[in-house]
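Heads up: the sequence shown begins at -15 in our numbering, then just goes up one per residue.
This report refers to the structure that appears directly beneath it.
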Amino acid sequence: MVTVVKVGGSLLKLGPPENILADFCKALEVEKLILVHGGGYEVTEMAEKLGKKQRFIVSPEGMRSRYTDKETIEIYTMVMKGKINSEIVLALGGKGVKAVGLSGFDGGLILAERKKKLIAIDERGRRVAMEGGYTGKIVKVNPQIIQVLTSEGYVPVIAPVAIGTEGEPLNVDGDRAAAYIAGGLGADRVVFLTDVAGVMVNNELVKELTLEGAKASMRKVGFGMDKKLLAAIEAIEQGTKESIISAGNIENPITNSLNGESRTVIRR
Ligand SMILES: Nc1ncnc2c1ncn2[C@@H]1O[C@H](COP(=O)(O)OP(=O)(O)O)[C@@H](O)[C@H]1O
Ligand SMILES: [Mg+2]
């Protein structure tokens, strides 16, 4: 089995969490794992320390995202690739895992198209057009670099940045990067570890969703979970058998996500 595990930024605020690292090592004994991480909170924190106020915009579909101008993509890349990725690679290395830090830049792993224009909804509910900045829509994943590494027992740890059509760095959503990597690799499943047990509707955990059910649920969830559901759907549409959304802040989070009761599983 090949499983892509995305560790949400919500779980990385205090550095790589021991519960995830320990369980990741255990799961590695029985399957191939690829780790993709987020880190939005730390990007915002570091940017503000550097005096660069971060701006978030909401799309007409209701998705919230970082407005990534030139200075912001530089900080984003420094924090994601330089800090968070390195910390995870060091922590796994310390446990004897042959972890290798990668980002979407390496070996042409994630190619994206820069959004020329963004439509945002302002405080009064009006549509406003904005410069696209350095945000990308993923167009292609070249998974060879991952296959070369995993075939030799190395474990890729991937930061969510992409290469634009003019060779420029682009910010891509971590959940969607994980989904496209799972799809490109032909992975069996993708797991999104986050700070909640799964998709909640009317205060109840939704344990299973079909692809259609997941699409219908998009309207019933808020910021954060909307992107995870979209990514879960994209992974299935690209051939992944299961997308799982589950808690990363519990004991043995990966074992629970793969075999436990408390999770949301999306299958075609
Ligand atoms: N219907 C929902 N079910 C579960 N979580 C939801 C829902 N709607 C919004 N959320 C929010 O989504 C968050 C997870 O997304 P996010 O903050 O982006 O985490 P991550 O860093 O793991 O990607 C949860 O903490 C929760 O506040
Ligand atoms: Mg998120």
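Built from N, CA and C at the ideal position, the CB exists for glycine as well.
- Relative to ligand 1, the beta carbon of ASP53 is positioned no closer than 6 Å to any heavy atom.
- Secondary structure of GLY85 (DSSP, three-state): strand.
- Fully enclosed alpha helix (DSSP H) runs of no fewer than 4 residues occupy 128 to 135 and 158 to 169 of the segment 119 to 198, in order along the chain.
- Each of TYR25, VAL81 and LEU213 was checked against the Cα of GLU13, and the nearest Cα belongs to VAL81.
- If you keep only unbroken alpha helix (DSSP H) runs of at least 4 residues inside the segment 51 to 98, you get 54 to 61 and 69 to 77.
- Here the C-alpha atom of VAL141 lies approximately 33 Å from the C-alpha atom of PRO44.
- Following the DSSP letters along the chain, one finds PHE40 inside the beta strand (DSSP E) bounded by residues 40 to 42.
- In the three-state reduction of the DSSP assignment, LEU34 falls in the coil class.
- Selection LYS124, MET64, VAL84 and ILE129 evaluated against GLY91 yields ILE129 as nearest (Cα-Cα).
- SER246 sits in coil when the DSSP states are folded into three classes, being neither helix nor strand.
- Under DSSP, VAL14 shares a beta bridge with no residue.
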